[in-house]
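For the sequence shown, numbering that gives the first Met the number 0 assigns the number 0 to the initial residue and increments by one for each residue that follows. A virtual CB, placed ideally from N, CA and C, is assigned to each residue, including glycine.
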Amino acid sequence: MYIEPTEYFTESMRKILEEGETVKTVLFEHLSCCCMDTTKKELEGFTILDDGSFYETKYELKPEVNSLFSELDPKKLDEKNCKKKFIFASKELAETINHFTEIHKAEINALPKSISNTFVLDGNEDFVRIGDKSIAGHNIFYEAPYKINDEEYKKFDSERQKNENGLELLTTLYAEIKNIVDKNEGDA
């Protein structure tokens, strides 16, 4: 019997192997906190699972974590102290995210671990998961969808251009998700 080396397993694959195939996986998650509030050690936002269920989510950080995103690692989120409130389920929401991620798979995989809206000096620290991909940064969704200024873009170095491309891609998906969420909340 051939067993695939564990180094090739994604987090989603591990969950299926450990818990069975009925485990719901994260399609998209956005969590944030105000960067000016150093006393608050929790992230709030939403989680969308592969069945299209939408939850308002609040995570506490594990006690040994001193800062939110000093090292990008979703394991810093304290899953035991996570509060999820079911809001609705939408097959359209799951299909939209799956379709978007399928079309943009290479771009999403190439996204840097840190993306920020550098034109906003103050606001939120954001944490995003798209499947197994985790991204952190500042003010990511300040403007959704974010549009690249072509004249300024030409002046940027390659790292800054990569940030701008990632910001535009993430906020475009976020805007599509927001439209579906707004539509479904209006139906409730």
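Residue 58 versus 49, 137, 31 and 47, residue with shortest Cα-Cα distance: Against the sequence shown, residue 58 aligns to sequence position 59. Of the candidates 49, 137, 31 and 47, the one whose C-alpha sits nearest the C-alpha of residue 58 is 31.
Should residue 202 go down as buried or exposed, given a rule of 16 or more other Cβ atoms within 10 Å for buried? Outside the displayed range of the chain (0 to 187) lies residue 202, so it cannot be described from this structure.
How many Å lie between residue 156 and residue 162 at the Cα? Here the question's residue 156 lines up with position 157 in the sequence shown. Here the question's residue 162 lines up with position 163 in the sequence shown. Their backbone Cα atoms lie some 10 Å apart in a straight line.
So, for residue 91: in the same chain, excluding its five sequence neighbours on each side, which residues have a beta-carbon less than 7 Å away from its beta-carbon? On the sequence shown, position 92 is the one that residue 91 refers to. The answer, listed in chain order, is 179.
I need the straight-line Cα distance from residue 28 to residue 80, nearest angstrom please. Residue 28 sits at position 29 when you count from the first residue of the sequence shown. Residue 80 sits at position 81 when you count from the first residue of the sequence shown. For residue 28 and residue 80, the distance between alpha carbons rounds to 17 Å.
Which value, in whole angstroms, describes the spacing of the CA atoms of residue 141 and residue 173? Counted from its first residue, the sequence shown places residue 141 at position 142. Counted from its first residue, the sequence shown places residue 173 at position 174. CA-to-CA, the gap between residue 141 and residue 173 works out to about 11 Å.
According to the Cβ coordinates, are residue 110 and residue 147 closer than 8 Å? In the sequence shown, the residue the question calls residue 110 occupies position 111. In the sequence shown, the residue the question calls residue 147 occupies position 148. No, they are not a contact pair.
For residue 26 and residue 96, which I take to be in contact (beta-carbon distance under 8 Å), what is that distance rounded to the nearest angstrom? The sequence position of residue 26 within the sequence shown is 27, counting from 1. The sequence position of residue 96 within the sequence shown is 97, counting from 1. So it is a contact: roughly 5 Å between Cβ atoms.
Can you round the beta-carbon distance between residue 117 and residue 145 to whole angstroms, since I take them to be within the 8 Å contact cut? Position 118 of the sequence shown holds residue 117. Position 146 of the sequence shown holds residue 145. Contact between residue 117 and residue 145 fails: their C-beta atoms lie close to 11 Å from each other, not under 8 Å.
By the DSSP assignment, the alpha helix (DSSP H) with residue 98 in it spans what residues? Residue 98 sits at position 99 when you count from the first residue of the sequence shown. In the DSSP assignment, residue 98 falls within the unbroken alpha helix (DSSP H) covering 90-102.
Of the listed residues 165, 24 and 49, nearest to residue 108 (C-alpha basis): Position 109 of the sequence shown, counting from 1, holds the residue named residue 108. Residue 108 has its Cα closest to that of 165, out of 165, 24 and 49.
With 16 as the cutoff for other CB atoms within 10 Å, does residue 126 come out buried or exposed? Numbered from 1 along the sequence shown, position 127 holds the residue referred to as residue 126. Answer is buried; the Cβ neighbour count reaches 16.
Backbone CA spacing between residue 152 and residue 84 [nearest angstrom]: Within the sequence shown, the letter at position 153 stands for residue 152. Within the sequence shown, the letter at position 85 stands for residue 84. Between residue 152 and residue 84, the C-alpha separation is close to 40 Å.
Extent of the continuous alpha helix (DSSP H) run through residue 151: In the sequence shown, counting from the first residue as 1, residue 151 sits at position 152. Start and end: 149-152.
Inter-residue spacing [alpha-carbon to alpha-carbon] between residue 42 and residue 154: Along the sequence shown, one-based indexing puts residue 42 at 43. Along the sequence shown, one-based indexing puts residue 154 at 155. Each residue's alpha carbon lies about 35 Å from the other.
To the nearest angstrom, how far is it from the Cα of residue 76 to the Cα of residue 46? Counting from 1 along the sequence shown, the entry for residue 76 is found at position 77. Counting from 1 along the sequence shown, the entry for residue 46 is found at position 47. Rounded to whole angstroms, residue 76 to residue 46 spans 13 Å at the Cα level.
Return the bridge partner residues of residue 183 from the DSSP annotation. As a first step, residue 183 is located in the sequence shown; it is residue number 184 there, counting from the start. The partner list for residue 183 (beta bridge, DSSP) is empty, contrary to what the question assumes.
From this set, 119, 122 and 139, which residue's C-alpha is nearest residue 128's C-alpha? Taking the sequence shown and counting its residues from 1, the one referred to as residue 128 is at position 129. The shortest Cα separation from residue 128 among 119, 122 and 139 belongs to 139.
As an exercise, report each continuous beta strand (DSSP E) stretch of at least 3 residues that is fully enclosed by the region 124-151, in chain order. 132-137, all fully within the region 124-151.
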